[in-house]
Amino acid sequence: MTPFKKNLQRFFILFFSTLSVGIIIVGVNRAKKVPTLGEAPTPLTPTPDQGTAGTPGTMVAGTTVSITGKTYQTPYGNVTAAIQVKDGKVVGVTMPQVPNSPPSIYAESYLVDQAIKAGGANIQGVSGATYTSLAFKSSLESAIAQAKTQGQTITTGTASTGSSAVAPGPKPSVPLQYRGDDDDEGEEWDD
Amino acid sequence: MENKILHRLFHTMGIAVHCTFIGISDKDADIRTAEAEKIFSSYDERFSRFKETSELHRLNTSNGIPQKVSIEMFQVIKECVMLSKETSGAFDPSVGSILASYGYGLPANFILPDTIPTYESIVFNNQDLEITLAPGQVLEPASLVKSIAISAAGQAFDGIPGFMINAGGDILTRGTFEKGLPWNIAIQDPRNPRAIVAAVSIRNAGMATSGVYQAHGEHQGKPWHHLINMQNGNTTRGITSATVIAHTCEEADTEATLAILLGPTLGVMRLEQRGFPYFLILDDGTIRKNAAFTALEVPIDTLIS
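If you read the protein sequences in the order shown, they are chains S and G.
If you use UniProt numbering, the first sequence corresponds to residues 1 to 191, in order.
If you use UniProt numbering, the second sequence corresponds to residues 1 to 305, in order.
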């Protein structure tokens, strides 16, 4: 082997081993950086500029326009909702992108409800809604908001047009008593 | 004997499944979790209304032609129809037609027939394991399927000193938590996913919360959610969130779903008859619960330090 070839071989060995170490470091960091189940900020961060829609000003009465909401990240993948608007009315809702399963190797990092854990709560589980639907709701809201900016008048006044769900509170609140009207930040899910 | 609390999590059926194990090794926890994941996946593959490859999708697009189905499918649909009969059609798996027409799940671009077929038009052939649906009939047995999968996973965990399965808010506990203590399970505030409204201490019990705040949207100006009373095709009003505790998660989930569908009067009547501990949050924010629930209840402030 000529000295040049030897040097070239050394260079390649060094280059690829450095590269693989780099990839491993990046991979480990990514694996470590999984969002926790109990904290909403990460799941509810929209990926920028995912929202797409028809060109403004092309709305014709009687036609149905489809508007895609922002994509929201959940611990399990992205969630994107779309609405179909016809004559200022939402006539359909779709969730075209459904999260995929993450590899089970990440399981240990998710320790359910870190938020509750951080508060020192002796609670092993919470019975109720799921993350996917929360992200779905946020994506839905962004689609409705976009429809409005495009000159669509959404005539129905459901609370899903509000944006309060997107701004997560600083920590989990634990009301001792459930009352109907004392929670200004809580969104009405129904009417 | 291992005393560590082990957590495992996987994702299936569009929900997160969180398993907590007491009294087994890390390696055992991995093996058991893999088994549970396999069980959930097999139910998902068969019963998903969101997958074109599922057996349910084949049935839902059969358009009136008799379909040979698996024993699992046959049993689940039969059970759905039994519940439909019990509730005079308030619960009806044919709700899939309405949800599909809203663009929620498959079949895609589904147009609702003028007369929506009900559970009464489902024909079973017991000899040949065949199901015949009416043309344009779409079934959605999801609420039942999820809790059946939890029960199956629970059976696969048999022999573990203590475990909890939490599948998207539906919970099954067996044995005890650490140091022989019961499991403390909280109930989510339907208006704020990060808040809880009550908590109970349970062991060897299933617990499920059904709510109209999960999957919902709007169709032709009218708000909808995934729990639709099929007697009139409208979404039910009256109960925002229903939590039921029973021995199995299947019973708990079924009763919670039915409570929402039947509404406060009939729903409470049914729960009282069966004696399950229940906790309901009505649309106006008031709480209805029975003595059986209060007996299990622990004040939240004693659980938060």
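We put the beta carbon where it would ideally sit given N, CA and C, even for glycine.
Predicted model only: the values in this text are computed from it and were never measured.
query: Residue(s) in a DSSP beta bridge with L206 (chain G); result: Sequence check: residue 206 (chain G) is Gly here, not Leu. In DSSP, G206 (chain G) forms a bridge with G:L172, G:A246.
query: Closer than 9 Å to chain G by CB, G54 (chain S); result: Per-residue confidence for G54 (chain S) stands at a pLDDT of 40, beneath the threshold of 50, marking its modelled position as unreliable; the derived number appears in the next sentence. It does not; no Cβ of chain G falls within 9 Å.
query: Spatially closest choice to V76 (chain G) from G:R8, G:T176, G:I148, by CA coordinates; result: G:I148
query: Alpha-carbon spacing of T61 (chain G) relative to A198 (chain G), whole angstroms; result: 43 Å
query: CB of C19 (chain G) within 9 Å of CB of N184 (chain G), strictly; result: no
query: Pairwise C-alpha distance: R203 (chain G) and I123 (chain S); result: 13 Å
query: Segment limits, beta strand (DSSP E) that includes Q188 (chain G); result: 183 to 189
query: Beta-ladder partner(s) of I15 (chain G), from DSSP; result: G:T12
query: Contacts around G186 (chain S), its chain only, beta-carbon distance under 6 Å, and the 5 residues preceding and following it disregarded; result: Confidence in G186 (chain S) is poor, its pLDDT being 29 and thus under 50, which makes the residue's placement unreliable; the coordinate value appears in the next sentence. Hits under 6 Å: none found.
query: Nearest-angstrom Cα separation, counted from F12 (chain S) out to F4 (chain S); result: 12 Å
query: Buried or exposed by the 16-neighbour rule on C-beta atoms within 10 Å, applied to H7 (chain G); result: buried
query: Cβ of G211 (chain G) within 9 Å of any chain S Cβ; result: yes
query: 9 Å Cβ cutoff, G217 (chain G) in contact with chain S; result: Confidence is the limiting factor: at G217 (chain G) the pLDDT is only 48, short of 50, which leaves the residue's position unreliable and the question unanswerable from this model.
query: Pair within 9 Å by beta-carbon distance, I196 (chain G) and A186 (chain G); result: yes
query: Own chain, CB closer than 7 Å to V145 (chain G), minus 5 neighbours either side, in chain order; result: Y43, F47, V76
query: Delimiting residues of the beta strand (DSSP E) encompassing I98 (chain G); result: It is not in any beta strand (DSSP E) - I98 (chain G) instead sits in the alpha helix (DSSP H) that spans 95 to 101.
query: Nearest to F40 (chain G) (by Cα), restricted to the options G:L9, G:G23, G:I24, G:F21; result: G:L9
query: Status (buried if at least 16 other CB within 10 Å, exposed otherwise) for L8 (chain S); result: exposed
query: C-alpha gap between V17 (chain G) and G62 (chain S), whole angstroms; result: 44 Å
query: Own chain residues within Cβ distance below 6 Å of V123 (chain G), not counting five before or after; result: T132
query: Whether T248 (chain G) touches S143 (chain G) by CB criterion (9 Å); result: no
query: Candidates G:I22, G:K27, G:L129: closest to V71 (chain G) by CA position; result: The residue you asked about is not Val; residue 71 (chain G) is Ile in the sequence shown. Comparing Cα-Cα distances from I71 (chain G) to each of G:I22, G:K27, G:L129, the minimum goes to G:L129.
query: Inter-residue Cα distance where the pair is I31 (chain G) and D170 (chain G); result: 22 Å
query: Whole-number beta carbon distance between G175 (chain G) and G162 (chain G), since they are thought to touch under 8 Å; result: 4 Å
query: Where the beta strand (DSSP E) through A90 (chain G) begins and ends; result: Note, A90 (chain G): premise wrong, no beta strand (DSSP E); not H, not E.
query: Against chain S: residues of the segment 275 to 293 of chain G by CB proximity under 7 Å; result: I281, D283, D284, G285, I287
query: Residue range of the unbroken alpha helix (DSSP H) whose run includes Y43 (chain G); result: 26 to 47
query: Three-state class that DSSP yields for L139 (chain G) in the structure shown; result: coil
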